[in-house]
Each structure stands twice: as structure tokens, then as C-alpha cells.
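S.K.:
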Amino acid sequence: MFEAQELDCVFMETHMNPRRRQHMVLECIPLPKELGDMAPIYFKKAIMECDEEWAMNKKVVDLSSKSIRQAVPRSLPYFAVDFGLQGGFAHVIENEQKFPHYFGKVSGCFETLTRHASPWAFFFRFFFFLVTIQ
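Residue numbers for the sequence shown follow the numbering used here, so the first one is 1 and each next one is one higher.
Structure follows, in C-alpha cells:
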């Protein structure tokens, strides 16, 4: 569907509060091809900076060779991002109260960002502007 429009897509999955049986959130964001090629770099950097420095679990779990179900234990909250055929990354959320609820959110066609948008989201806004004016 997106290939005909020359777009890539990024899938983001957030699973919080598994003990309270909350539902997970799965989002699909279409991106211009140029931005889709750069997205793994920026998501990995954002995941590395998002949580506590000293954690019991690995900061970034590579999903290129295994699925999220094999990489993250069942009872733990997590954030995962997938880049289609390129694989993706996962992050086990150590402290749900400190983890930003807006992590991974890109709002309104990149033109307006929420006031709580993470720093890497500003790159998406700037890059989308450059792509649209060319």
C-alpha cells in the first residue's frame, strides 16, 4: 500500500502495565523513503537515552533475528519499533512511572509537535520539511 506512494512505514508497539492487563498500543506511521532509511539510527539513539542509566535489562534489543516474543519476557512492559523487512529494536521498560508516555509519538504530519515531544521528534519535523520543499 505505501510502496505505491513511495513511502516507508514504521511500526511502534508500546505495552505498559502488563500486570493490570492493559492493552498494548500498535501504531503505523508512513514516512518518506529518505526519512525511512534514517529512522533506525534515530530510534536507536532515542531508545538509548530514554530510560535509566543503570538497568537490569539491555537498553536496546535487536529484533533483526528474532521476534519481540522471543526477545522480551512475557510479564515485562516494553517499547518496540519495527522497520518492516529491516528488523527493529525493543526496549524493556524498567520504571513505568519514569518512562515518558509520549515516547515515539510524532504528531500531525510532522508539522506540529506536542509540547512534550521528545528531542528526536524535532529531527522528523525538520527532515519532513526538507523533503516536502524539494
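Built from N, CA and C at the ideal position, the CB exists for glycine as well.
It should be emphasised that the depicted structure is a prediction, and the values quoted were computed from it without experimental measurement.
1) So, with DSSP's three-state summary, where would you put Glu34?
2) What residues in its chain sit with their C-beta under 8 Å from that of Leu76, if we drop five residues either side in the sequence?
3) Helix, strand or coil, according to DSSP, for Met48 in the structure here?
4) Return the residue from the list Met1, Val25, Gln5, Ala4 that minimises the CA-CA distance to Phe11.
5) On the criterion of 16 or more Cβ atoms from any shown chain inside 10 Å, does Leu31 qualify as buried, or is it exposed?
6) For Thr112, count the other beta carbons within 10 Å of its own beta carbon; 16 or more makes it buried, fewer makes it exposed. Which is it?
7) Whole angstroms is fine: what's the gap from Glu139's alpha carbon to Leu35's?
8) Where does Phe89 land, buried or exposed, given buried means 16+ other C-beta within 10 angstroms?
9) On a Cα-Cα basis, can you pick out the residue from Tyr78, Gly87, Gly104, Phe83 that is closest to Glu96?
10) Pull up the distance between the alpha-carbon of Pro100 and that of Ala4, whole angstroms please.
11) Can you name the residues that DSSP bridges to His15?
12) Would you identify the three-state DSSP class for Glu96, choosing helix, strand or coil?
M.R.: To lay it out plainly:
1) Looking at Glu34 - three-state DSSP - the assignment turns out to be helix.
2) Cβ neighbours of Leu76 beyond the five flanking positions: Pro18, Asn57, Val92, Ile93.
3) Helix at Met48.
4) Looking at the Cα atoms, Val25 is the closest of the given residues.
5) The residue is buried, with at least 16 neighbouring Cβ atoms inside 10 Å.
6) Since pLDDT at Thr112 reaches only 43, below the 50 mark, its modelled position is unreliable, and the value read off the structure follows with that caveat. Label assigned to Thr112: exposed.
7) The structure shown does not extend to residue 139, since the chain is modelled only from 1 through 134, so no value can be given for it.
8) It is buried - the Cβ of Phe89 has at least 16 other Cβ atoms within 10 Å.
9) Per the Cα distances, Tyr78.
10) Counting only the Cα atoms, Ala4 lies some 34 Å from Pro100.
11) DSSP output for His15 lists Tyr78 as bridge partner(s).
12) In the structure shown, the three-state DSSP call for Glu96 is coil.
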